[in-house]
Each structure stands twice: as structure tokens, then as C-alpha cells.
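Worksheet for the structure shown next.
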């Protein structure tokens, strides 16, 4: 195919392939190299990892996925949790009736929101056990004759930049994502995670192992392509929505030209849904997000004075330093680093460089 042709979302939504599928969690992707419409069912995936360099089409793909889900589902059947640390890409979805909570923009609040999702998954499994059913469809069918009980909606969690979350609280985020990826399918909770940094510190081995369905947009190197797809190829893509889609169980990825949706169309979809009603936010989720930041600073670890003193002596702070010198595991060292960051003892995360120390011995003696 020598000529590149644009594929518009309307073409995919109007296609026979999209209309004939009854599943509520259908994702419109675009068209294959032979012009066939390609759609994906989140229920079968059951989670999706999207990666690609800046400007390759990731955020457009996320908007296309959301538009397809809104097209198929009423607010009572589907709830969305949108996490957007970049603060600009997804902010316009605020106040649509499908949202569980306002769009989450702070990484620390995002970690708390993911913990809520794990708790919600566990609550749903308790409900299933009490009813003697295996999954969300079985539960909703079982209670359909009981007018006092509400059906459980599907929940799709969309994360627009995983790298930002992994910088702030890597252990918490990785734990929550892995638990959801391993267990959440039957409870009706699905993850769609995007990142522009497909490196092993962002897409860790655990996250990769638990999210088998992947989309790769154009990346800068074969190494990045291997991180996403376990094979090269994404470095040769053309950009502007050109993607390789590797669904779970497929022997090799398929090449697709992703559907395009303009900002104007996104705004029109959002306005239409806002007119249908106000969002009914999950009160517990909103409350714990508001509490999370204050609570975070109150977390106390008995090793905190030793950790701060060690960092002042060494002139820098890093998780590996705490692990080695205090002889503690990664999770506790990461938590100590989070506390020191919250209290302003150390500077912000700067990639592979150690963090700067922001207090001296006099201040240390004053605090401790």
C-alpha cells in the first residue's frame, strides 16, 4: 500500500463490523491494510497497553476508544475512571455522566484511585460469591428480577501517561495495576494504559506479563519496539496513527491505520453527553482522593530519621542507597522516599540522577 489514506472515526462507527457486535466494550481502532474495519473487544483482551513516541497518535487513539465506548453504553451500564497526569489531553471529559470521579490529574491521587479500584474489585467478588455466580454478566442476570438491586456497571480505567505515575509512587501503582490485570476481568473492570516512554522502568516485566494485548505506535528504536511487542517493527511505522495491534492469543501483530477524531468532534461528543445528565460521582472515591494528600504526609516510618541522616551524610538520596545501607526491601525504601519528598527533605525525581538533599544537619536536629 503506497498511498496513505486517512480513516475517520465515523467510518468505523458506521461499519457493519462495529454495528453487529453486541458486546458493550467494543473499541473502534481503524482499518487494516486491506481496508477492513478492525475493532477490538475489551472483554476478550481484557486489558490494553498502548505505547509510542510523542505525536505518534496515542492520545487520538485514547479519544477514539472513549468515543466508541460512549457510543455503545449508557451511563448506568459503563463507568469511566480517567487518569491524566498531563492535565490537558483528557480534561474536557470532566462532567460527562459516565465518570466515576472528576478526571484525576495528580499522580498521588491516581495511586489512591487505583487502590480504590482494587477494593471495588474485591467487593464485587464478594457479591458474586454470595450469589453463586462467576462474573459480572452472571451477577447482573441473577439480580435482573430483583428490583431492589442495581446492576453493576462495567468500569474502564484509562491512564494517559503511565510514566508520570511510575515516577511518583512506582510500587503502589505497579501493585494496583498488576492486581487489577490479574483478577479484574470477571468483575467487569478493564484497564487501558498509554505511555510515551516504553522503557523497562515504566513498562515493567510484571505489568507486561499481566497485560497481553498491546498497541504500538511509531517509536524511536527497535529496543522500544521490543519492550512493547517483544519484537521489532514499531520503529518502522510512519506515525500519524500508523500502528501495530497485537491482541492476546495472536501469533503476530496486525498493521492498522488508526481512526482519527478531531478536537472539535471530541468537544461535540462531550457536550452531547453533558446534556444527557449530570455525573453521579462515587462518593467514597472522591472522599479518599481529598483525604489522600493530607494522610500521605502523616505516614510515619521509624526508619525516617535514619534515612534522612544517611541522605544528608551522602549528599544525595536514592532508593537503592536506602535499600543498601538500611538493609530494607524496595517497597519500604520507596515509601521512605515518598515521605521525604512529601515533607520537602529531598528534591523531585529526576530520572536516573539521585535526588538533591534540601535540608542540612541543623534543620535535621530541629525536626528530629
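Residue numbers (the working numbering): 18 to 385.
Virtual Cβ for every residue (Gly too), placed ideally from N, Cα, C.
Alpha carbon to alpha carbon, what distance is there between residue j and residue i?
i: residue 161; j: residue 249; result: 48 Å
i: residue 314; j: residue 359; result: Because the pLDDT at residue 314 is just 46, under 50, the model does not fix this residue reliably, and the value given afterwards should be weighed accordingly. Approximately 6 Å between the Cα atoms of the pair.
i: residue 131; j: residue 190; result: 7 Å
i: residue 322; j: residue 349; result: 14 Å
i: residue 202; j: residue 221; result: 20 Å
i: residue 372; j: residue 30; result: 48 Å
i: residue 25; j: residue 278; result: 7 Å
i: residue 47; j: residue 240; result: 26 Å
i: residue 230; j: residue 104; result: 26 Å
i: residue 282; j: residue 106; result: 14 Å
i: residue 34; j: residue 199; result: 29 Å
i: residue 51; j: residue 273; result: 9 Å
i: residue 214; j: residue 370; result: 17 Å
i: residue 163; j: residue 334; result: 57 Å
i: residue 85; j: residue 23; result: 18 Å
i: residue 303; j: residue 290; result: 21 Å
i: residue 251; j: residue 383; result: 54 Å
i: residue 159; j: residue 139; result: 19 Å
i: residue 32; j: residue 87; result: 17 Å
i: residue 377; j: residue 186; result: 25 Å
i: residue 356; j: residue 318; result: 9 Å
i: residue 59; j: residue 264; result: 10 Å
i: residue 294; j: residue 49; result: 37 Å
i: residue 142; j: residue 153; result: 9 Å
i: residue 246; j: residue 379; result: 51 Å
i: residue 298; j: residue 98; result: 10 Å
i: residue 184; j: residue 128; result: 11 Å
i: residue 36; j: residue 253; result: 33 Å
i: residue 347; j: residue 341; result: 10 Å
i: residue 133; j: residue 300; result: 11 Å
i: residue 228; j: residue 207; result: 10 Å
i: residue 364; j: residue 257; result: 37 Å
i: residue 236; j: residue 385; result: 48 Å
i: residue 238; j: residue 54; result: 29 Å
So residue i and residue j are in contact, right, with Cβ under 8 Å, and what is the actual spacing, rounded?
i: residue 66; j: residue 96; result: In fact, because the Cβ distance is near 21 Å, the residues do not count as touching under 8 Å.
i: residue 188; j: residue 351; result: 5 Å
i: residue 296; j: residue 113; result: 7 Å
i: residue 284; j: residue 147; result: Incorrect: roughly 43 Å between the Cβ atoms, too far for contact.
i: residue 217; j: residue 244; result: 6 Å
i: residue 69; j: residue 234; result: 3 Å
Determine the contact status of residue i and residue j, defining contact as a CB-CB distance below 8 Å.
i: residue 89; j: residue 43; result: yes
i: residue 76; j: residue 177; result: yes
i: residue 174; j: residue 205; result: no
i: residue 157; j: residue 144; result: no
i: residue 381; j: residue 336; result: no
i: residue 150; j: residue 197; result: no
i: residue 124; j: residue 179; result: no
i: residue 366; j: residue 375; result: no
i: residue 1; j: residue 339; result: There is simply no residue 1 to check, as the chain begins at 18 and stops at 385 in what is shown.
i: residue 271; j: residue 232; result: no
i: residue 211; j: residue 62; result: no
i: residue 92; j: residue 64; result: no
i: residue 320; j: residue 345; result: yes
i: residue 45; j: residue 324; result: no
i: residue 120; j: residue 111; result: yes
i: residue 166; j: residue 195; result: no
With a threshold of 16 other CB atoms inside 10 Å of the CB of residue i, please say whether the residue is buried or exposed.
i: residue 27; result: exposed
i: residue 71; result: exposed
i: residue 126; result: buried
i: residue 255; result: exposed
i: residue 101; result: buried
i: residue 193; result: buried
i: residue 209; result: buried
i: residue 266; result: exposed
i: residue 411; result: The chain is shown only over 18 to 385; residue 411 falls outside these bounds and no answer can be derived.
i: residue 219; result: buried
i: residue 332; result: exposed
i: residue 81; result: buried
i: residue 38; result: exposed
i: residue 137; result: buried
message: If we require 3 or more residues per run, which beta strand (DSSP E) segments fall completely within the region 331 to 362?
response: none
- request: Only counting runs of 4 or more residues, tell me where the alpha helix (DSSP H) segments fall wholly within the region 174 to 224, in order along the chain.
  value: 179 to 185, 187 to 200
- request: Jot down the residue ranges of each uninterrupted beta strand (DSSP E) in the region 29 to 70, minimum 3 residues, whole runs only, in chain order.
  value: 43 to 49, 54 to 58, 65 to 68
message: What ranges does the alpha helix (DSSP H) occupy inside the region 245 to 305, keeping only unbroken runs of at least 4 residues that lie completely in it?
response: 280 to 293
- request: Note down, one range per segment and in chain order, each alpha helix (DSSP H) of at least 4 residues found wholly within the region 102 to 156.
  value: 124 to 148
message: Which complete beta strand (DSSP E) runs does the region 71 to 102 hold, if anything under 3 residues is left out?
response: 95 to 100
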